[in-house]
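Chemist: Attaching a single structure in structure tokens format; questions to follow.
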Amino acid sequence: MSSLDKALEYYVANPWLCWGVVPFVAINIGQWTPILTLDWAINKSWAAPYLIEYGGASRKPRLELLEKVREKISLSRQYKEALWNSFGPSAIINAILGIWFLPFLMGKPTKPCPTLTEFVVSMVLMEYIDDFALYCFHSLEHYKFWHWHQYHHSFTTPSAVSTIVIGEIDIAIQGFIPILIACMSVRAHPILYAAHGFMRALESAVNHAGLDSPIIRAFLLKTYLPFGTSPAFHDCHHRYSNYGKGAKNLGEQFWIWDWMFGTLATANIGSTAQEKNQAVEAQQVQTAQDTVKAE
-14 MSSLDKALEY YVANPWLCWG VVPFVAINIG QWTPILTLDW AINKSWAAPY
36 LIEYGGASRK PRLELLEKVR EKISLSRQYK EALWNSFGPS AIINAILGIW
86 FLPFLMGKPT KPCPTLTEFV VSMVLMEYID DFALYCFHSL EHYKFWHWHQ
136 YHHSFTTPSA VSTIVIGEID IAIQGFIPIL IACMSVRAHP ILYAAHGFMR
186 ALESAVNHAG LDSPIIRAFL LKTYLPFGTS PAFHDCHHRY SNYGKGAKNL
236 GEQFWIWDWM FGTLATANIG STAQEKNQAV EAQQVQTAQD TVKAE
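Numbering (this note's numbering) for the sequence shown: -14 to 280.
Spelled out as structure tokens, the structure:
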């Protein structure tokens, strides 16, 4: 037996590691890596083509709108609240509860590591199940329990850190419970549980970052799956659905749920300067081709 096999066997046999410490660390790495990098990048001149903006002469630039939000909720306060939510008592209690209850909910691992096929299939299934559960709970908050979710919608122009500037009940409803439902649905191996938590946290932070580019999308699992959304989809939700009943774009990773249940809105979704330039260039090429044909 190799050293890796021994390490994996020890890992799955230790609930403190496989259901508690490692998932806790994985989720925070998935969350804080894009928060720190994208919150830093958004103010750089080279990032300007990738800022999600909204058209119209009366629209203000995103960075100006972001400053307006930070006048109400300062950036230092946002980071303090985000750190509290990530590493404070509630986060630690949730991790400890996972150590106690997840072995019963998921079942004892039958092998040290899932096969590659099991890993890929389960990750894809969990991505869809998680987002459908999030859609349901997110809808419930908007339609019945808006007071739980209203504070998070103070960020009409969100940034990566605002992902976790959110009430503790809201975190459980939109974060922990959908992840738990997804993992229980596939009887997730501990490695899958940590991997899905990492990916879900990463995607959520990117969805709030206000940036969109092929490089950013390359790191997101939903990019490679049918019905996947761009970061602009959830950004549009923050901009135009800051109220309870009647909110649109309630899914985060996939638009299919909104389409199925009549909450899809595409008319006001923002775009980046790069996308606008590409659209203009495509129109110019089409016009030139039409002119040649006419001649």
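Glycine included, each C-beta is placed from N, C-alpha and C at the ideal position.
Source: prediction; values computed, not measured.
Contact defined as beta carbons within less than 8 Å: I believe H281 pairs with F140. What is the distance between those atoms, to the nearest angstrom?
Modeler: In the structure as shown, the chain begins at -14 and stops at 280. Residue 281 is therefore absent and cannot be evaluated.
Chemist: Put E38 into one of helix, strand or coil per three-state DSSP.
Modeler: strand
Chemist: Rounded to whole angstroms, what is the Cα-Cα separation between R55 and P19?
Modeler: Straight through space, the alpha carbons of P19 and R55 are spaced by roughly 19 Å.
Chemist: Which residues in the same chain have their Cβ closer than 6 Å to the Cβ of G92, if we skip the five residues on either side of it in sequence?
Modeler: R172
Chemist: Cβ of F122 within 7 Å of Cβ of I158?
Modeler: Cβ atoms of F122 and I158: closer than 7 Å.
Chemist: Do H137 and D155 have their C-beta atoms within less than 7 Å of each other?
Modeler: yes
Chemist: Check whether the Cβ atoms of L206 and E112 lie closer than 7 Å to each other.
Modeler: yes
Chemist: What are the start and end residues of each continuous alpha helix (DSSP H) run of 4 or more residues lying completely inside the region 163 to 248, in chain order?
Modeler: 175 to 193, 199 to 203, 216 to 225, 241 to 246
Chemist: By the DSSP assignment, the alpha helix (DSSP H) with Y136 in it spans what residues?
Modeler: Counting along the chain, no alpha helix (DSSP H) covers Y136, and no H or E run does either.
Chemist: So, for D292: in the same chain, excluding its five sequence neighbours on each side, which residues have a beta-carbon less than 7 Å away from its beta-carbon?
Modeler: Nothing can be reported for residue 292, as the shown portion of the chain is limited to -14 through 280.
Chemist: Looking at the secondary structure, which residues open and close the alpha helix (DSSP H) in which C98 lies?
Modeler: It is not in any alpha helix (DSSP H) - C98 carries neither H nor E in the DSSP assignment.
Chemist: Nearest by alpha-carbon distance to E49: which of T142, E153, F183, M169 is it?
Modeler: T142
Chemist: Helix, strand or coil for K29, going by three-state DSSP, please let me know.
Modeler: Coil at K29, not helix or strand.
Chemist: In whole angstroms, give me the CA-to-CA distance for K(-9) and Y228.
Modeler: 53 Å
Chemist: Which residues in the same chain as S226 place their Cβ atom closer than 7 Å to its Cβ, once the five residues preceding and following it in sequence are excluded?
Modeler: A232, K233, N234
Chemist: Look up E(-6) in the DSSP assignment and say whether it is helix, strand or coil.
Modeler: helix
Chemist: N70: buried (16+ other C-beta within 10 angstroms of its C-beta) or exposed?
Modeler: Flag for N70 reads buried.
Chemist: Let me know the secondary structure DSSP gives I151 once reduced to three states.
Modeler: coil
Chemist: Tell me the DSSP secondary structure of S(-13) in three-state form.
Modeler: coil
Chemist: Rounded to whole angstroms, what's the CA-CA distance from Y120 to S170? Just pull it up for me.
Modeler: 16 Å
Chemist: G195: which of P0, P34, Y(-5), E(-6) sits nearest, CA to CA?
Modeler: The closest CA to that of G195, considering only P0, P34, Y(-5), E(-6), is found on P34.
Chemist: Report yes if the CB atom of N192 is closer than 7 Å to the CB atom of E237, and no otherwise.
Modeler: yes
Chemist: Does T142 come out as helix, strand or coil in the three-state DSSP assignment?
Modeler: coil
Chemist: Between the beta-carbon of P97 and the beta-carbon of E(-6), is there less than 7 Å?
Modeler: yes
Chemist: Can you determine whether any heavy atom of the ligand GTP sits closer than 6 Å to the C-beta of T148, and answer yes or no?
Modeler: Looking at this structure, you won't find the ligand GTP or any other ligand, since it has none at all.
Chemist: Starting from the Cα of R47, find the closest Cα among F212, A11, I241, D197 and give me that residue.
Modeler: D197
Chemist: Closest to L177 by CA distance: which of L51, I149, K65, P8 is it?
Modeler: P8
Chemist: What would DSSP say about S61, mapped onto helix, strand or coil?
Modeler: helix
Chemist: Measuring straight from C-alpha to C-alpha, what distance separates T251 and S(-13)?
Modeler: 53 Å
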